[in-house]
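K.L.:
After the structure tokens below, expect a handful of questions from me.
Residue numbers (my numbering): 1426 to 2054.
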């Protein structure tokens, strides 16, 4: 392990309602959840989070449901490169869609994705370009409202919902797409990946069957659906051998565990049935692609009994926590902590393409009664940190800061109390360059913790577009190099955390660097060098074409002679992820209804002839001003 000689002092502010929340270091071995005995300290970073709901337009976000309900998806449904927020919900309540207005607020547009039957029990949500038409579609997988973790319950669930995006409006096509289970079984987890790398996204759906043992000889509860084009899917469970063995699938994650370019699948389980595979009850499953055969191989026993540490796995994410070039897997556990290392599990990637045994206790991230989680660099130091959402309003959410060697320190965040988390995911929703959190509460309001930290360190973000297929670029990996630092990497996720999916925009911390070298591994096996990229902005990359400049697609400049006003508007390919200004006149606010920028400037006595519009991306355009009588 590399040691760090840097220091951190994390201030703790009092919590009162929606006021800012800050983080305080939990010091010393055995003090606080996840503390470890390492003596080194970090740079000073004052992490501040502000809890927000109705203040930013998130009204009517009350959520409830059975213990497997929950989840949010940061889908950019209108193509303006700002993450919009979908919130799943239980039986009797509508799920919600909130449009990002580009100014830190949201508007309720839930009517675009109405439930066809209010009695349906959303179990979670995924998004991606399922039909490769250039916009993000939304998949809501559906559970049974009668689920009970201890009593017999019905095996059936509702039909899965596919909201096919048609340029900012949706049509629900779940039944005709092939995503509805013909047996009507409960769906409790899911994930998107292009597992066969044909440019079409595929769907894994995991089923919950606790207290309902499968019929004799029947084990195909989970399903793998292969994309066939046009948003249609065919069931390939039998040929790929992803069936779940009758276990109770509770969480899942696609990632390339051995870096061979082929997505693998990890399925977290929350128990099995007495008498059925009793020697493997509660074990998770790692399905690895075998290039020699057309099916997945159960690699759970390689090289040890992987996944036997968390008896009730309910969330997961991957990140390269030690920047050593392989993926490390974190699995949350709904059960309490028993003898260490029971509880949340951390499996490190290894050079031989396998995962280590559980080392959560050694790395300071054991955790308790946990569901949602995401890796993200919250303090911009170039080392990924970890957020964990916990069950129970009296148990605070957990924030672990990386000590720049893959071990973590637990920090206490004022205001992280009072949530009973079942789902949640990260996004830089307000476009200010730091990572924010969304928490889905059981029988409470979904809320956003906006990252309001004062941080002088730099950041960089990437949005990728695959071409000609896999337009969402799910599974693609971005590498970032800065002088004197190990290479960082991030992947585009097809579902993570618990019942949720984080934003597709990839975020990196750069420390004090203002430039970096970037490259991409696309899922079809091609590697693309992007070259030098500047800090503190979002970069857009198109497969095979590299970095994409901001291009003006529409504009107007008019001088009203009678009112002596100048109206300037601009629309570009960067949507709302930048800022525009009319030089000599002032800033131009982003108007989400027109997906562009517009401002009216008063007291302009004469037609200036031209006006220059500049963007925070560095682009500029000279517009000819027309006179309006």
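We put the beta carbon where it would ideally sit given N, CA and C, even for glycine.
As the structure is a prediction and not an experimental result, all values here were calculated from the model.
Taking DSSP as the reference, what is the three-state secondary structure of residue 1785?
P.N.:
Helix at residue 1785.
K.L.:
How is residue 1483 classed by DSSP in three states: helix, strand or coil?
P.N.:
It is coil, neither helix nor strand.
K.L.:
On the three-state DSSP scale, how would you describe residue 1672?
P.N.:
Of the three classes helix, strand and coil, the one that applies to residue 1672 here is coil, per DSSP.
K.L.:
Span of the beta strand (DSSP E) holding residue 1599?
P.N.:
Per DSSP, residue 1599 belongs to no beta strand (DSSP E); it is in the alpha helix (DSSP H), 1599 to 1602.
K.L.:
With distances taken between CB atoms, is the gap from residue 1732 to residue 1710 smaller than 8 Å?
P.N.:
Cβ atoms of residue 1732 and residue 1710: closer than 8 Å.
K.L.:
Pull up the CB-CB distance for residue 1868 and residue 1928, whole angstroms please, since I reckon it's below 8 Å.
P.N.:
Contact doesn't hold; Cβ gap of about 26 Å is too wide.
K.L.:
Please report the Cβ distance between residue 1812 and residue 1799, rounded to the nearest whole angstrom; I am assuming they are in contact, meaning their Cβ atoms lie under 8 Å.
P.N.:
Residue 1812 to residue 1799, Cβ: 6 Å. Contact.
K.L.:
Just mark residue 1430 as buried or exposed, buried being the case when its beta carbon has 16 or more other beta carbons within 10 Å.
P.N.:
With a pLDDT of 26 at residue 1430, under the threshold of 50, the modelled position of that residue is not reliable, and no figure is offered here.
K.L.:
Suppose the cutoff is 8 Å on Cβ atoms and the five residues either side in sequence are ignored; what does the same chain contact list for residue 1618 look like?
P.N.:
Result list for residue 1618: 1626, 1627, 1629, 1679, 1688, 1690, 1899, 1900 and 1919, in chain order.
K.L.:
Pick out whichever of 1951, 1956, 1906 and 1957 has its Cα sitting closest to the Cα of residue 1934.
P.N.:
For residue 1934, the nearest C-alpha among the options comes from 1906.
K.L.:
Measure the C-alpha to C-alpha separation of residue 1984 and residue 2035 and round it to an integer number of angstroms.
P.N.:
Taking the straight line from one Cα to the other gives about 10 Å.
K.L.:
For residue 1488, does the three-state DSSP call read helix, strand or coil?
P.N.:
Three-state DSSP puts residue 1488 in a strand.
K.L.:
Determine which residues share a DSSP beta bridge with residue 1886 and list them.
P.N.:
According to DSSP, which records beta bridges pairwise, residue 1886 is partnered with 1932 and 1963.
K.L.:
Can you find the residues in the same chain that come closer than 8 Å, C-beta to C-beta, to residue 1458, ignoring five residues on each side of it along the sequence?
P.N.:
In this prediction, residue 1458 has a pLDDT of 32, which is less than 50 and means its spatial position is unreliable; what the coordinates show is noted afterwards. Counting only Cβ-Cβ distances below 8 Å, and skipping sequence neighbours, we find 1451, 1791, 1792, 1793, 1823 and 1835.
K.L.:
Within a Cβ cutoff of 8 Å, which residues of the same chain sit near residue 1664, ignoring the five residues on either side of it in sequence?
P.N.:
Excluding sequence neighbours, residue 1664 sits near 1719 and 1720.
K.L.:
If we ignore side chains and look at the alpha-carbon of each, how far apart do residue 1660 and residue 1588 end up?
P.N.:
Those two C-alpha atoms are separated by around 20 Å.
K.L.:
Mind reading off the beta-carbon distance from residue 1849 to residue 1814? Whole number of angstroms is fine, and I expect it under 8 Å.
P.N.:
Yes, residue 1849 and residue 1814 are in contact; Cβ-Cβ is about 5 Å, under 8 Å.
K.L.:
Using only CA atoms, which one of 1717, 1569, 2017 and 2052 lies nearest to residue 1514?
P.N.:
That would be 1569, whose Cα lies nearest to the Cα of residue 1514.
K.L.:
Let me check one thing: in DSSP terms, what residues is residue 1926 bridge-paired to?
P.N.:
Answer is 1498, bridged to residue 1926.
K.L.:
Taking the straight line between their C-alpha atoms, what separation do you get for residue 1904 and residue 1604?
P.N.:
Roughly 34 Å separates the two Cα atoms.
K.L.:
Since residue 2012 sits in a beta bridge, which residues does DSSP pair it with?
P.N.:
2006.
K.L.:
Out of 1829, 1738 and 1757, point me to the one whose CA is closest to residue 1749's CA.
P.N.:
When only C-alpha atoms are compared, the closest one is 1829.
K.L.:
Using a 10 Å radius around the Cβ and a threshold of 16 neighbouring Cβ atoms, would you call residue 1774 buried or exposed?
P.N.:
The residue is buried, with at least 16 neighbouring Cβ atoms inside 10 Å.
K.L.:
Just reading off the beta strand (DSSP E) that residue 1614 is part of, what are its end residues?
P.N.:
Counting along the chain, the beta strand (DSSP E) containing residue 1614 begins and ends at 1612 to 1618.
K.L.:
Please work out which residues of its chain come closer than 6 Å, Cβ to Cβ, to residue 1891, disregarding the five sequence neighbours upstream and downstream, and give them in chain order.
P.N.:
Counting only Cβ-Cβ distances below 6 Å, and skipping sequence neighbours, we find 1898 and 1968.
K.L.:
Would you check if the distance between the CB atom of residue 1537 and the CB atom of residue 1594 is smaller than 8 Å?
P.N.:
Their beta carbons are under 8 Å apart, which means residue 1537 touches residue 1594 by this criterion.
K.L.:
Let me make sure I understand the geometry here. Which of 1480, 1531 and 1921 has the alpha-carbon closest to that of residue 1496?
P.N.:
Taking only the C-alpha atoms, the option nearest residue 1496 is 1921.
K.L.:
With a threshold of 16 other CB atoms inside 10 Å of the CB of residue 1716, please say whether the residue is buried or exposed.
P.N.:
Burial call: exposed.
K.L.:
Could you tell me which of 1478, 1504, 1528 and 1505 sits nearest to residue 1512, measuring between CA atoms?
P.N.:
Residue 1512 has its Cα closest to that of 1478, out of 1478, 1504, 1528 and 1505.
K.L.:
Nearest to residue 1498 by CA position, among 1987, 1482 and 1561, is which residue?
P.N.:
Of the listed residues, the one whose Cα sits closest to residue 1498 is 1561.
K.L.:
Let me make sure I understand the geometry here. Which of 1972, 1488, 2022 and 1524 has the alpha-carbon closest to that of residue 1517?
P.N.:
The shortest C-alpha separation from residue 1517 is found at 1488.
K.L.:
Please identify the residue among 2030, 1673 and 2051 whose C-alpha is closest to the C-alpha of residue 1738.
P.N.:
Closest option to residue 1738, Cα to Cα, is 1673.
K.L.:
Using the rule of at least 16 other Cβ atoms within 10 Å of the residue's Cβ for burial, across every protein chain shown, is residue 1954 buried or exposed?
P.N.:
So residue 1954 ends up on the exposed side.
K.L.:
Among the candidates 1972, 1989 and 2048, whose CA atom is the shortest distance from the CA of residue 2006?
P.N.:
Looking at the Cα atoms, 2048 is the closest of the given residues.
K.L.:
At a cut of 8 Å, does the stretch 1529 to 1543 reach the stretch 1909 to 1918 through at least three beta carbon pairs?
P.N.:
No contact exists between the stretch 1529 to 1543 and the stretch 1909 to 1918.
K.L.:
Could you tell me if residue 2031 is buried or exposed, where buried requires 16 or more neighbouring beta carbons within 10 angstroms of its beta carbon?
P.N.:
Residue 2031 is exposed by the Cβ-count criterion.
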